[in-house]
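In what follows, a structure is listed as structure tokens, so that the remarks can point back to it.
Number of protein chains: 2
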Amino acid sequence: MHEQEDLKNAGLKVTLPRVKVLEVFRTADTRHLSAEDVYHRLAGQSADVGLATVYRVLTQLEEAGMLARNTFNAGKAVYELNEGRHHDHLICLGCGRTDEFTDPTIEKRQKAVAESFGYELRDHQMALYGYCPDCAAKRAED
Amino acid sequence: MHEQEDLKNAGLKVTLPRVKVLEVFRTADTRHLSAEDVYHRLAGQSADVGLATVYRVLTQLEEAGMLARNTFNAGKAVYELNEGRHHDHLICLGCGRTDEFTDPTIEKRQKAVAESFGYELRDHQMALYGYCPDCAAKRAED
DNA sequence: TTGGAGTTGAGAATTATTCTCGATGGCTCG
DNA sequence: CGAGCCATCGAGAATAATTCTCAACTCCAA
Numbered sequence: 001m002h003e004q005e006d007l008k009n010a011g012l013k014v015t016l017p018r019v020k021v022l023e024v025f026r027t028a029d030t031r032h033l034s035a036e037d038v039y040h041r042l043a044g045q046s047a048d049v050g051l052a053t054v055y056r057v058l059t060q061l062e063e064a065g066m067l068a069r070n071t072f073n074a075g076k077a078v079y080e081l082n083e084g085r086h087h088d089h090l091i092c093l094g095c096g097r098t099d100e101f102t103d104p105t106i107e108k109r110q111k112a113v114a115e116s117f118g119y120e121l122r123d124h125q126m127a128l129y130g131y132c133p134d135c136a137a138k139r140a141e142d
Numbered sequence: 143m144h145e146q147e148d149l150k151n152a153g154l155k156v157t158l159p160r161v162k163v164l165e166v167f168r169t170a171d172t173r174h175l176s177a178e179d180v181y182h183r184l185a186g187q188s189a190d191v192g193l194a195t196v197y198r199v200l201t202q203l204e205e206a207g208m209l210a211r212n213t214f215n216a217g218k219a220v221y222e223l224n225e226g227r228h229h230d231h232l233i234c235l236g237c238g239r240t241d242e243f244t245d246p247t248i249e250k251r252q253k254a255v256a257e258s259f260g261y262e263l264r265d266h267q268m269a270l271y272g273y274c275p276d277c278a279a280k281r282a283e284d
């Protein structure tokens with residue numbers, strides 16, 4: 001409901017596409033949405049925002065720190081609302097279910113590793129792939 | 143020099159493109175090569191292997207466990223010889239330099255996290271991004 | 001050496017994303 | 001409140017990475 005202020009604070013002009021895209025993320029059933037996903041959800045609700053614009057807006061919102069971009073399996077990028085607290089992902093190879101977690105020990109070690117190589121750490125990406133409880137059970141049956 | 147046996151052991155027919163692609167990896171100056179990279183190196187040495195074939199062979203060699211695929215920044219995939227010992231990457235945002243490392247503590251924690259969610263862990267990818275010593279120094283000057 | 005299954009190469013097709021450009025719409029100033 | 005400028009938009013073309021299609025070719029076992 002406060003999309004307008006958020007955009008203004010980020011130094012972005014308040015336009016219909018930007019407000020609508022944010023709205024989609026705030027009301028979506030899933031946390032992770034691709035450009036195509038967002039595009040379809042908007043098309044489904046009279047708001048006719050072009051695909052190119054969706055891509056543009058996603059990039060801008062990411063740069064403004066309001067969204068976080070992830071490229072899991074490769075192929076396509078997905079975005080999620082950036083709520084401040086960083087986290088990593090656990091992804092099911094069977095059904096695509098995605099869980100989020102943070103592990104202080106891992107974060108600490110990452111910093112240590114980077115330091116030991118003399119690097120100035122800026123970012124990282126980590127994803128664990130496996131089978132969720134349901135899919136693991138299903139696979140065990142065969 | 144033992145490309146032939148390696149291929150045979152993997153159950154792959156010994157063909158010129160497969161041998162050549164492996165050779166490229168074994169004699170390259172860099173560990174990480176994209177399909178395009180491999181293609182150009184082959185073109186540069188009379189061996190005329192089509193780009194589509196390079197892609198096919200890379201996929202096959204990966205499935206056979208002889209190469210490992212990584213999709214760092216997204217965009218394009220790179221491959222490297224799979225020498226058994228798993229490792230993660232540290233990538234310089236300035237010059238693209240790539241270092242490799244393994245951290246038992248992180249591996250252990252990853253397993254623990256997956257378990258705590260009831261997942262059957264199969265694989266993971268992790269990359270740390272930052273500035274290498276050289277690039278960090280250059281950036282500090284400004 | 002010969003035949004067939006597996007493999008190749010060239011180019012077309014696909015997928016994800018970005019660019020181009022004329023039209024449109026926020027927003028600042030008067 | 002209205003005018004105009006500049007940022008933004010939409011559509012479709014363009015790009016980039018990768019995969020598909022299919023006729024021609026090559027390994028290799030017999």
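Protein sequence lines, in the order shown, are assigned to chains G and C. With the numbering used here applied, the first sequence corresponds to residues 1 to 142, in that order. With the numbering used here applied, the second sequence corresponds to residues 143 to 284, in that order. Ideal Cβ placement from N, Cα and C applies to all residues, glycine included.
Would the C-beta of residue i count as close to the ligand PLP, meaning under 7 Å from any of its heavy atoms?
| i | result |
| --- | --- |
| glutamate 205 (chain C) | Questions concerning the ligand PLP fall outside what the structure shown contains, since it holds no ligand whatsoever. |
Note down the Cα distance separating residue i from residue j, rounded to an integer number of angstroms.
| i | j | result |
| --- | --- | --- |
| isoleucine 91 (chain G) | leucine 67 (chain G) | 19 Å |
| asparagine 215 (chain C) | arginine 109 (chain G) | 21 Å |
| glutamate 257 (chain C) | alanine 185 (chain C) | 47 Å |
| threonine 195 (chain C) | proline 159 (chain C) | 7 Å |
| histidine 86 (chain G) | leucine 12 (chain G) | 24 Å |
| alanine 10 (chain G) | tyrosine 55 (chain G) | 18 Å |
| arginine 173 (chain C) | glutamine 146 (chain C) | 21 Å |
| leucine 164 (chain C) | alanine 278 (chain C) | 35 Å |
| leucine 193 (chain C) | glutamate 178 (chain C) | 7 Å |
| valine 24 (chain G) | glutamate 80 (chain G) | 11 Å |
| glycine 207 (chain C) | tyrosine 131 (chain G) | 21 Å |
Where does residue i sit, in a helix, a strand or coil, going by DSSP?
| i | result |
| --- | --- |
| leucine 7 (chain G) | helix |
| leucine 175 (chain C) | strand |
| valine 166 (chain C) | helix |
| alanine 206 (chain C) | coil |
| leucine 154 (chain C) | coil |
| valine 255 (chain C) | helix |
| alanine 47 (chain G) | coil |
| alanine 194 (chain C) | helix |
| alanine 140 (chain G) | helix |
| histidine 144 (chain C) | coil |
Just list the residues that DSSP pairs residue i with in beta bridges.
| i | result |
| --- | --- |
| arginine 211 (chain C) | C:Tyr221 |
| cysteine 234 (chain C) | C:Gly272 |
| leucine 263 (chain C) | G:Gly130 |
| glutamate 242 (chain C) | C:His231 |
Identify each residue in the region 157-175 of chain C for which the Cβ-Cβ distance to at least one residue of chain G is less than 9 Å, and report them in chain order. Taking a C-beta cut-off of 9 Å against chain G, none of the residues of the region 157-175 of chain C qualify.
If you measure beta-carbon to beta-carbon, which residues of the region 248-282 of chain C are closer than 7 Å to chain G? Those residues of the region 248-282 of chain C that come within reach of chain G (Cβ to Cβ, closer than 7 Å) are Ile248, Arg251, Gln252, Val255, Ala256, Phe259, Gly260, Tyr261, Glu262, Leu263, Arg264, Asp265, His266, Gln267, Met268, Ala269, Leu270, Tyr271, Gly272, Tyr273, Cys274, Pro275, Ala278.
Touch test, the region 226-243 of chain C against the region 96-105 of chain G, Cβ-Cβ under 8 Å, three pairs minimum: Contact fails: fewer than three Cβ-Cβ distances are below 8 Å.
Interface residues of the region 199-230 of chain C facing chain G [CB-CB below 7 Å]: For the region 199-230 of chain C, which is checked against every Cβ of chain G, the residues closer than 7 Å are Thr213, Ala216, Ala219.
Scan the region 90-103 of chain G for residues whose Cβ lies nearer than 8 Å to a Cβ of chain C and list them as they occur along the chain. Under the 8 Å Cβ criterion, the region 90-103 of chain G contributes Leu90, Cys92, Leu93, Asp99, Phe101, Asp103.
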